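K.L.:
Quick one: structure below, then a few questions.
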Amino acid sequence: MTALDDNIQKLDRYLARFRETGISNRIAGKDRKGSGGTFEAISPVDKSLICQVARADESDVD
């Protein structure tokens with residue numbers, strides 16, 4: 394197994410919770426979904442889906 398393979402396995406363990414729940418916005422010290430839906434975070438290594446990320450718009454932060 395190469396160092397890259399080892400690192401990818403470690404990364405998979407670290408990212409498992411984000412794959413399950415996605416990433417919320419942190420607004421005013423609280424996690425919030427945002428009203429702009431979500432977008433996909435894609436790995437630059439292999440183009441796989443990392444997780445869904447909440448998209449905020451102006452009304453969420455203003």
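First residue of the sequence shown: 394, per the numbering used here; consecutive thereafter. Glycine residues also receive a C-beta, built at the ideal position from the N, C-alpha and C atoms. Keep in mind the model is a prediction, meaning the values are calculated, not measured.
Find out if the Cβ-Cβ distance for the pair SER428, ASP450 is shorter than 7 Å.
P.N.:
In this structure, ASP450 lies closer than 7 Å to SER428 by Cβ.
K.L.:
Starting from the Cα of ARG425, find the closest Cα among ASP399, ASN400 and ARG448 and give me that residue.
P.N.:
The shortest Cα separation from ARG425 among ASP399, ASN400 and ARG448 belongs to ARG448.
K.L.:
What's the C-alpha gap between ALA396 and SER452?
P.N.:
One C-alpha to the other measures close to 44 Å.
K.L.:
DSSP beta-bridge partners for PHE371?
P.N.:
What is shown of the chain runs 394 to 455, which leaves residue 371 out entirely.
K.L.:
Which of the three DSSP states, helix, strand or coil, is assigned to LYS440?
P.N.:
Correct three-state label for LYS440: coil.
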